[in-house]
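Below: the structure, in structure tokens.
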Amino acid sequence: MMRLDLSAQWYWEQDDSLRFVKVEAYDRRQCPIGDTLVGKQWRQIPAANQGEADWRHHFELLSGHEPFFNFEIEVTEAPGQSIWLSLSGVPVHDASGNFNGYRGVGKEITSQKENQATIASLALIDQLTGLSNRRHLLDRLNFARLGGARHQGFGALIFVDIDNFKSFNEAVGHAVADILLVEVAARLTACMRDCDTVARMGGDVFVVLATDMGTSTEYASQKTQRIVSKIVAALGAPFTPAMDIALTVSPQAPRFTASMGICLFQGTETSVEDLMKRSEMALRQAKQTGRQGIRYFDPLVEAQVKQRSRMETELHVALSGDQLRLYYQPIVDLQKKIIGYEALVRWQHPSLGLVAPGTFIAIAEQSGLIVPMGEWIIKQACDQLVHFQSNATTRQLTIAVNLSAHQLAQPDIADVISRIIRSSGAPPQQLKLEITESMLLTDIDKTIEKLDALSALGIRFSLDDFGTGYSSLSYLKKLPLSQLKVDQSFVKGLLTEPVDAAIVKTIIQLAKSLGMSVIAEGVELEGQRKVLSDMGCREFQGYLFGKPAPFQDQGL
């Protein structure tokens, strides 16, 4: 006799043909289908959750007269109505060891199953809109890939981002914004077929997964374009459901546009993760074009992104693996005598050779690596200034270093540079930091505070690429600047473009009126140097006087 489960609600017996011969409930209400089981074999029970393979596995266990526990079946009572049962049983043998059947216990677990389904639904459904969430979308996307592999059919993954929704949210508040997001979800769902999936990724970003889009790229693209047109039209109509609340903020019902990033796929060649990344990548491109941008995934862009990612990883190695080099370009006076250098970073890549900064500086800035890289450059420049002090011919030379916007944004930048100078023993008055006009566009008061702190140490500042930015001239007198640097784009057209010549002359006159010196960069021709000299420029930098090179190659 088996030990009955204390949570069981009823007891049952089967004969040797596995036909139910007895069903006894402790409380008849807990076994509403007990009478219908008597006289039936397992195969005659209408179990919605048991397929042919499931029954085969269970019958193999019964044929071996093995016990079973918590065997769950969904018994269908009527169309759309069912209850869940959990059965446990052990084989019964007579004194001679002959098999007589099974006996066991059972209980109804419908409420537990419903709770499990609710929990599962909560895990897969966005609670605000009722759409699929990211987890459910990934499952459906993987299923679509597998189906596409079988039928050679295309699918389309479309990321939809509501344009300027953040500003709208701030204007109307979360309550109205949430109502409109629910309406957006309903409109996107109305644009799609039942076999498609609409998901919300969070915020105002939605994803549409369309399947069975045909077996040719051209046909799939045409169908995708029709979906995109339907979405554009759906979101372009006034959002009247929220009017009662929205009218308190705006007299007109809101209308929206959306930017979309689209990726077509076929089969399982591309992973779920990569498909998501490709659509997100296309969306980022679309948003860069402004409102209602639409972009398809471009493999060339993906290759560029992967290249940038590899470069970023390798830059981490470069910073810690002694792969960066400082090159120095001479700065000369009117007599072409070297009065200083500008330090320019290069990357001695193990397989690519010497890499110019144009290839990696932007990546360093976007990844944040420009901050430790900039500190390394300043430290190397300070060490070189210390080396200059050992020779009377180089003692007065200066070194200019470009200071990035990311570095200047660091709250402790003044402390960091001060610490480098103190630890190196470099003369601060020989260090010149170059900043650009774009760095003056935000939080100018904080910028002035930081530059003043560094200026108090004796460090001098040069405003690089002057004339190409948008800084207010009123800030020039507030900043501790000692020099303006004429951008090489103006120097290049100095002999041929009257406008460039006029700009250069104005910059030189402005610097003089503010008590600043001027240096012109990009000087390649003697004619350029002469015109600059006639205009009052006294310092020059460019290929005419020397290309960037390691200091040991400078001939000093």
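Heads up: the sequence shown at position 523 corresponds to 522 in numbering that gives the first Met the number 0, and the numbers run straight through without jumps.
Every residue, glycine too, gets a C-beta built ideally from N, C-alpha and C.
Coil, strand or helix - residue i by DSSP
{"i": "His57", "result": "helix"}
{"i": "His92", "result": "strand"}
{"i": "Val181", "result": "helix"}
{"i": "Thr75", "result": "strand"}
{"i": "Met191", "result": "coil"}
{"i": "Val22", "result": "strand"}
{"i": "Thr393", "result": "coil"}
{"i": "Asp411", "result": "coil"}
{"i": "His64", "result": "coil"}
{"i": "Pro329", "result": "strand"}
{"i": "Phe544", "result": "coil"}
{"i": "Ser423", "result": "helix"}
{"i": "Arg139", "result": "helix"}
{"i": "Gly103", "result": "strand"}
{"i": "Asp162", "result": "coil"}
{"i": "Ser131", "result": "strand"}
{"i": "Gln365", "result": "helix"}
{"i": "Ile443", "result": "helix"}
{"i": "Leu314", "result": "helix"}
{"i": "Lys112", "result": "helix"}
Proximity winner among the options, relative to residue i (alpha-carbon distances)
{"i": "Ser512", "options": "Leu483, Gly492 and Gln527", "result": "Leu483"}
{"i": "Ala355", "options": "Met275, Val530, Pro547 and Ile518", "result": "Pro547"}
{"i": "Asp14", "options": "Arg102, Ile443 and Arg55", "result": "Arg102"}
{"i": "Asp125", "options": "Ile502, Ala198 and Val183", "result": "Ala198"}
{"i": "Met191", "options": "Glu65, Ala209, Glu272 and Gln347", "result": "Ala209"}
{"i": "Ala24", "options": "Phe58, Leu61 and Gly105", "result": "Gly105"}
{"i": "Arg459", "options": "Asp442, Asp444 and Ile434", "result": "Ile434"}
{"i": "Gln429", "options": "Tyr474, Phe387, Ala408 and Gly492", "result": "Phe387"}
{"i": "Pro90", "options": "Asn99, Trp83, Lys21 and Leu84", "result": "Asn99"}
{"i": "Ile360", "options": "Gly352, Pro349, Ile337 and Met372", "result": "Met372"}
{"i": "Leu609", "options": "Ile420, Val370, Ser389 and Ile376", "result": "Residue numbering for the chain in the displayed model covers 0 to 555; residue 609 lies beyond these limits and cannot be assessed."}
{"i": "Val517", "options": "Ile506, Glu523 and Glu525", "result": "Ile506"}
{"i": "Gly545", "options": "Leu475, Tyr327 and Gln527", "result": "Tyr327"}
{"i": "Gln111", "options": "Phe70, Leu84, Leu36 and Ala413", "result": "Leu84"}
Separation of residue j from residue i, as counted between CA atoms
{"i": "Phe205", "j": "Arg225", "result": "18 Å"}
{"i": "Ile416", "j": "Leu453", "result": "8 Å"}
{"i": "Ser87", "j": "Ala232", "result": "57 Å"}
{"i": "Asp177", "j": "Ser220", "result": "32 Å"}
{"i": "Asn163", "j": "Arg55", "result": "57 Å"}
{"i": "Leu295", "j": "Arg283", "result": "The sequence as given places Tyr at residue 295; Leu does not occur at that position. Between Tyr295 and Arg283, the C-alpha separation is close to 11 Å."}
{"i": "Asp463", "j": "Lys305", "result": "32 Å"}
{"i": "His64", "j": "Gln8", "result": "24 Å"}
{"i": "Ile329", "j": "Leu480", "result": "Reading off the sequence shown, one finds Pro at residue 329, where the question assumed Ile. Spanning the two alpha carbons is a distance of roughly 21 Å."}
{"i": "Tyr10", "j": "Ser16", "result": "18 Å"}
{"i": "Gln322", "j": "Gln379", "result": "13 Å"}
{"i": "Ile157", "j": "Ala363", "result": "31 Å"}
{"i": "Asn97", "j": "Ser270", "result": "56 Å"}
{"i": "Leu456", "j": "Ser166", "result": "44 Å"}
{"i": "Arg134", "j": "Leu123", "result": "6 Å"}
{"i": "Lys449", "j": "Gly352", "result": "37 Å"}
Note to self: If contact is defined by three or more beta carbon pairs under 8 Å, each pair taking one atom from either stretch, is the region 335-354 in contact with the region 398-409?
What the structure shows: Counting Cβ pairs under 8 Å, three or more are found: they touch.
Checklist line | Minimum length 3: unbroken beta strand (DSSP E) runs contained in the region 217-302 | finding: Along the region 217-302, the beta strand (DSSP E) occurs as fully enclosed runs of 3 or more residues at 257-265 and 293-295, listed in sequence order.
Next item on the list: Entirely within the region 450-534 and at least 3 residues each: give me those beta strand (DSSP E) ranges in chain order.
Entry: The region 450-534 contains these whole beta strand (DSSP E) runs: 459-465, 482-485 and 516-519.
Next item on the list: Kindly confirm or deny that the region 416-431 and the region 486-497 touch, where touching means at least three C-beta pairs closer than 8 Å.
Entry: Per the Cβ contact rule, the region 416-431 is not in contact with the region 486-497 (fewer than 3 Cβ pairs under 8 Å).
Next item on the list: Count the C-beta pairs between the region 320-334 and the region 536-546 that are closer than 8 Å, then say yes if the count reaches three, no if not.
Entry: Inter-segment contact for the region 320-334 and the region 536-546 is present: three or more beta-carbon pairs are separated by less than 8 Å.
Margin query: Three or more C-beta pairs under 8 Å: does that hold for the region 288-308 against the region 255-270?
Written below: Touching, yes.
Notebook entry, point to check: Should the region 136-149 be called in touch with the region 265-275, which here means at least 3 C-beta pairs below 8 Å?
Noted result: Segments in contact, yes.
Check: Which runs of the beta strand (DSSP E), 3 residues or longer, sit entirely within the region 337-387?
Finding: Here the runs fully enclosed are 337-348 and 352-354.
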